[in-house]
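Chains as they are written, first to last, in numbering that gives the first Met the number 0: chain A, 0 to 192; chain B, 0 to 192.
We treat Cβ as the ideally placed atom computed from N, Cα and C, and that holds for glycine.
A short worksheet on the structure shown next.
Protein chains: 2
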Amino acid sequence: MDISTLGYALLAILARGPLSGYDLAQRMKKPIGFFWQSQLSQIYPELAHLEAQGCVTHKVIVQEDRPQKKVYTITDAGSTALKAWVTRSPTPPPERNELLLKTYAIWLADSEAAIELFRTQEQMHAERLALYEHDRIRIEQESGRVPHPHEPLFGNYATVRMGIAYEHEYVEWCHWMAEQFELALASQLQDSQ
Amino acid sequence: MDISTLGYALLAILARGPLSGYDLAQRMKKPIGFFWQSQLSQIYPELAHLEAQGCVTHKVIVQEDRPQKKVYTITDAGSTALKAWVTRSPTPPPERNELLLKTYAIWLADSEAAIELFRTQEQMHAERLALYEHDRIRIEQESGRVPHPHEPLFGNYATVRMGIAYEHEYVEWCHWMAEQFELALASQLQDSQ
DNA sequence: GATGACATGTAATCAGTTACATGATTAG
DNA sequence: CTAATCATGTAACTGATTACATGTCATC
């Protein structure tokens, strides 16, 4: 029995309550998607796999107003496997950041183009930051102040905290990058006069 | 003609000077590896592909003390393609952070196990932080103070700056996480007395 | 003579994305 | 009747990792 990371991701969501594959995909967008993404076409086979391993079971639910669906529930075996996994040190994943790769070769670019690139990135990350900060406040209001480490909402809070710190750094770095090229541009203009 | 991200990564390295496949793989470890990793078995076919596209050429160099090697040089076409690529906005990659996924389900864990996980992570990132900070100082000494945006060393400096900010945030967040579980543990012990 | 760094590749496998295929039900 | 959402899947392709395969040269 070996479970893929996606498998654990699905178990982590199902640990909070039963859901259909379609609904799992929705969760894979909104809160989970910030640190683990996945497509429906990958979720369905993975659910079948988890069921074959005895980590989940499903019931067909017939709905009147919508098409019928399969609602999956985590089993004791699944719960045990998930609990064992959460505190196992993850193997450091191969880093892959295309923006940093571009940055490594950015000395080749025109200042104007570089400034545009980093201003755009700065704005993008500022938007995400605002989104996360909104989420953080929502969570703090839902539970009185900071959630306790043993309630599910703590998972949301802790990850959103990381998101805020991450996006905050990103925005500042992008800002610094654009600034460097603006300074270079200014001194170029001065030289040509 | 379409070039993969790995292809651009190789071009970005070759833009600083000709190298063999083996040497490119070395660079893929030391400075580039922090934001783009790759194996030799992927590099060799990619170099052949780049050569077929006219982005690089190679010469066989016979060495006396070592086996012969193929040294690759970037062409004008390769240089043009690279320069056009560096300032194109990258498509945001699907986020995938296993530690955050575990964090989302960490409320299921025992406080002791959680503390160990985050203390270990904190130490790991503190080590990387020290490594990056050392690198930053080395670069600042090599060039008088901050490298100019249009010299190659700026690429190294800018990426290492991001690395420092990132690892710094990571260390702080891990520390906060461990602290949350230590507080939970302390209040548990108090309750049982 | 064995080990390790240098050097270049191919083959099998895996995880994940995109495209394809089908169908129910509701709202406009 | 048409588009959007809900709902479940399969198939083809792509990028990357791991394992396999071969060989040179220097040092211990």
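- It is roughly 14 Å from the alpha-carbon of GLN36(A) to the alpha-carbon of ASP22(A).
- Under the Cβ distance rule, PRO89(B) counts among the residues neighbouring chain A, one pair being separated by less than 8 Å.
- At a cut-off of 3 residues, the continuous stretches assigned as beta strand (DSSP E) that sit fully inside the stretch 59 to 100 of chain A are 68 to 73.
- In this structure the stretch 126 to 141 of chain A does not lie against the stretch 179 to 191 of chain A, because fewer than three pairs of beta carbons, one per stretch, are closer than 8 Å.
- Remark: C-beta atoms of ALA104(A) and VAL85(B) approach each other more closely than 8 Å.
- Beyond the five residues adjoining it in sequence on each side, THR158(B) comes within less than 8 Å, by CB distance, of PRO30, PHE33 and PHE34 in the same chain, given in chain order.
- Per DSSP, reduced to three states, the secondary structure at HIS124(B) is helical.
- Chain B places a beta carbon closer than 8 Å to that of ALA14(A), counting this residue as a contact.
- Sorting GLU168(B), PRO17(B) and LYS68(B) by C-alpha distance to the C-alpha of CYS54(B) places PRO17(B) at the top.
- In chain order, GLN52 place their CB closer than 6 Å to the CB of MET0(B), counting only its own chain and leaving out the 5 sequence neighbours on each side.
- Under the three-pair Cβ rule at 8 Å, the stretch 60 to 80 of chain A does not count as touching the stretch 137 to 145 of chain A.
- Contact between the stretch 145 to 160 of chain A and the stretch 92 to 112 of chain B is present, with at least three C-beta pairs closer than 8 Å.
- Cα atoms of VAL170(B) and GLN122(B): separation of roughly 8 Å, rounded to the nearest angstrom.
- Going by C-alpha positions, ILE12(A) is about 10 Å away from PRO151(A).
- Inter-residue distance for LEU49(A) and LEU39(A) is about 15 Å (C-alpha atoms, whole angstroms).
- Measuring C-alpha to C-alpha distances from GLU111(A) to each of PRO92(A), GLN179(A) and HIS124(A) identifies GLN179(A) as the nearest.
- Rounded to whole angstroms, the separation of the alpha carbons of ALA83(A) and ILE2(A) is 12 Å.
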